[in-house]
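Every number in my numbering is 164 more than the matching position in the sequence shown, counting from 1.
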Amino acid sequence: MTLLNKYPVKYAFLEILLSYFIVTRISPFQNVNVDLWNFNKNHYSYWLYSFFKILFIVHFARLTSSCDFREEFYIPKFKFVFVWQAFAIFVKLLVYIFFVLIILCLCFLFFTSESVIPWMEMGSSGFIWEIKSTQSLLLMVVTSLFTGGVEELFFRSFFITKLKQMGISLFISSLISSAVFAYGHSYYGFVGFFMSLIFGIIFACMYLRYKNVYYSIFVHSFYNVFVSFLLFLSNYSKELL
């Protein structure tokens with residue numbers, strides 16, 4: 165049964181608060197450290213919790229939709245072709261990011277004052293995961309898929325749609341959802357927060373452009389796998405040295 169929102173602003177705001185608490189505050193881990201993903205049981209626990217969070221988000225979206233929930237939340241019936249199409253988008257995104265990073269690095273080298281460098285280093289001294297084994301890296305593939313699923317279904321599909329139900333424009337809704345998404349990654353430090361904000365905006369634009377949450381889910385997942393691979397290589401090189 166679908167509950168039609170007669171007072172969308174009131175309902176949507178309360179639904180965002182409730183779902184935010186469930187998605188972000190309920191966790192299988194009491195203490196989180198850089199070695200979290202080097203223990204198999206942590207992956208399995210995360211998969212189980214994420215599975216139920218995905219079920220909750222989708223079911224809650226269905227119950228609180230103001231029309232057909234698949235059209236309103238951009239959750240079409242799944243097709244395997246979405247995976248390959250998302251991978252193509254991810255590759256293009258990597259190419260763009262590569263060139264943007266080169267330009268930013270050159271600008272940083274030529275135009276940044278020396279007085280700013282210590283502040284930037286302090287802001288980048290946040291939390292960094294460690295992936296120390298091939299098995300942990302392989303498990304991170306599945307973990308990344310669950311992470312992309314939970315975060316994109318909530319921050320993009322659910323959050324943006326609820327703000328839209330409140331009469332907020334898609335542009336402002338995307339910025340708000342991206343800011344809340346970045347806040348959840350603030351333990352990475354200022355640079356991590358800023359990068360999460362940028363990627364949140366990218367994922368929001370992707371979600372709204374294609375009107376398909378699966379694209380942002382899989383692109384987000386591919387990105388997490390790519391970063392995990394880089395972290396694994398970083399730890400491996402340290403061991404060699």
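Glycine included, C-beta positions come from ideal geometry on N, C-alpha and C.
Residue i lies in the alpha helix (DSSP H); which residues open and close that run?
{"i": "Q299", "result": "T298 to E315"}
{"i": "E294", "result": "First-last for E294: undefined, no H or E at that position."}
{"i": "V355", "result": "F354 to Y374"}
{"i": "Q194", "result": "Premise fails: Q194 is in no alpha helix (DSSP H) and is neither H nor E."}
{"i": "T228", "result": "No alpha helix (DSSP H) contains T228, which DSSP labels as neither H nor E."}
{"i": "N388", "result": "V377 to L404"}
{"i": "I336", "result": "L334 to Y347"}
{"i": "K328", "result": "F323 to Q329"}
{"i": "R234", "result": "F233 to E236"}
So residue i packs on residue j, CB below 8 angstroms; how close in whole Å?
{"i": "L309", "j": "N204", "result": "With 8 angstroms as the limit, L309 and N204 do not qualify as a contact, their Cβ atoms being about 16 angstroms apart."}
{"i": "F318", "j": "V198", "result": "Between V198 and F318 the Cβ distance is about 25 angstroms, and since that is not below 8 angstroms, they are no contact."}
{"i": "V391", "j": "V305", "result": "12 angstroms between Cβ atoms; not a contact."}
{"i": "S350", "j": "F357", "result": "5 angstroms"}
{"i": "N202", "j": "F193", "result": "With a Cβ gap of about 13 angstroms, N202 and F193 do not count as contacting."}
{"i": "F396", "j": "I292", "result": "Actually they do not touch by this definition, with Cβ atoms about 12 angstroms apart."}
{"i": "F430", "j": "F386", "result": "In the structure as shown, the chain starts at 165 and stops at 405, and residue 430 therefore has no counterpart that could be examined."}
{"i": "V383", "j": "L257", "result": "7 angstroms"}
{"i": "F329", "j": "S230", "result": "In the sequence on display, residue 329 carries Gln and not Phe. 6 angstroms between Cβ atoms; contact."}
{"i": "M237", "j": "S321", "result": "With the sequence shown as reference, residue 237 is identified as Phe, and Met is not the correct amino acid for it. So it is a contact: roughly 5 angstroms between Cβ atoms."}
{"i": "S360", "j": "F345", "result": "6 angstroms"}
{"i": "V196", "j": "G331", "result": "The Cβ separation is near 37 angstroms, so there is no contact."}
{"i": "T307", "j": "Y210", "result": "6 angstroms"}
{"i": "S191", "j": "Y208", "result": "S191 to Y208, Cβ: 14 angstroms. No contact."}
Quick check: is the beta carbon of residue i nearer than 8 angstroms to any beta carbon in chain D?
{"i": "F244", "result": "Here there is only one protein chain, and chain D is not present."}
At least 3 beta-carbon pairs within less than 8 angstroms: the region 376-390 vs the region 242-249: The count of Cβ pairs closer than 8 angstroms, one atom from the region 376-390 and one from the region 242-249, reaches three, so the stretches are in contact.
Cβ contact (3+ pairs, closer than 8 angstroms) linking the region 310-330 and the region 256-265: Verdict: no, contact absent.
Contact between the region 365-374 and the region 329-340 (3+ Cβ pairs under 8 angstroms): With a cut-off of 8 angstroms, the region 329-340 and the region 365-374 count as touching, because enough Cβ pairs lie within range.
State whether the region 313-323 contacts the region 220-236, with contact taken as three or more CB pairs (one from each stretch) at a distance under 8 angstroms. Yes, they touch.
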